[in-house]
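Everything in the sequence shown is counted per my numbering, starting at 1 for the first residue and increasing by one.
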Amino acid sequence: TPARIGAISALIRAGAPLAEWPENLFPIHSHVERKDLLLATPLGATAEALAFVFALSPRGLVLDVVSVKGPFVLLYRRAVARGLAVASLHPMFGPSVKTFAGHDLIVCDAGNPGAARHARALFSGAGLRVAVMPLAGHDPWIARTLGLAHFLFALLPLSCGDSVAPGPMPPELEPRIADCLRINACE
């Protein structure tokens, strides 16, 4: 609305920090009704955020950016069964990237091929290399791909002796490597 745009413009001109902007300027119901929606939430909040948005029956495309897809496959299947346009993204780069050019993005098709095509089209002009894969296939593929790199990193000191010493493995990686090896052993 013009009043909302005026209020946002006034806050920008005044240099007000985002933390001080009134929440009513960004009602999620309004965005869900009118636009495509990209959810970037902490992993622990993703299921609740997806369920909330899906319950609003959005008209546009709903995307998430979360690195693990398995826990959300059922939520996505239910959303697709209700006719919602949903897909999932996994950028294969980190937040320090200054430009998308030359980097990889995985679009996970959650069962609505039109939504996956729409997601791919959103990023096609950004210089990204965009690949599409089934949502359910994402986690095993990532475990194989990244698991091998982590496993080789862990073996490097054993195979090279003192000539290459990358240091001890960070404790937070140990369970991830164990999970990757378990997933690969089950396939």
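Beta carbons: idealized from backbone N, C-alpha and C, even for Gly. Just so you know, these numbers come straight off a predicted model, no measurement behind them.
Asked                                                                                                                      : Found
Bounding residues of the alpha helix (DSSP H) (the contiguous stretch that carries LEU128)                                 : That residue, LEU128, is in no alpha helix (DSSP H); it is neither H nor E in DSSP.
Closest by C-alpha distance to VAL130, when choosing among ASP139, ALA119, HIS138, ALA136                                  : ALA119
Minimum length 4: unbroken alpha helix (DSSP H) runs contained in the stretch 20–77                                        : 28–34, 43–55
Residue nearest to GLY127 in terms of C-alpha spacing, selected from ILE142, ALA115, VAL97                                 : VAL97
Reference VAL53, options GLY70, ARG82, SER67, closest by Cα                                                                : ARG82
Nearest candidate by alpha-carbon position, reference PRO194, set LEU50, PRO58, LEU61, ARG59                               : Given a span of 1 to 187 for the chain in the structure shown, any question on residue 194 remains unanswerable.
Beta-carbon contacts of ALA3 that lie in its chain and below 7 Å, excluding the five residues immediately before and after : none
Identity of the residues DSSP links to HIS138 by a beta bridge                                                             : Bridge partners of HIS138: none, in fact.
Residue range of the unbroken alpha helix (DSSP H) whose run includes SER9                                                 : 2–14
Residues near MET92 in its chain [Cβ-Cβ closer than 8 Å; skip 5 each side]                                                 : HIS103, ASP104, LEU105, ILE106
Proximity below 8 Å, CB of VAL80 to CB of VAL62                                                                            : no
ASP139 versus PRO22 - alpha carbon distance                                                                                : 38 Å
Nearest-angstrom Cα separation, counted from LEU135 out to ALA115                                                          : 12 Å
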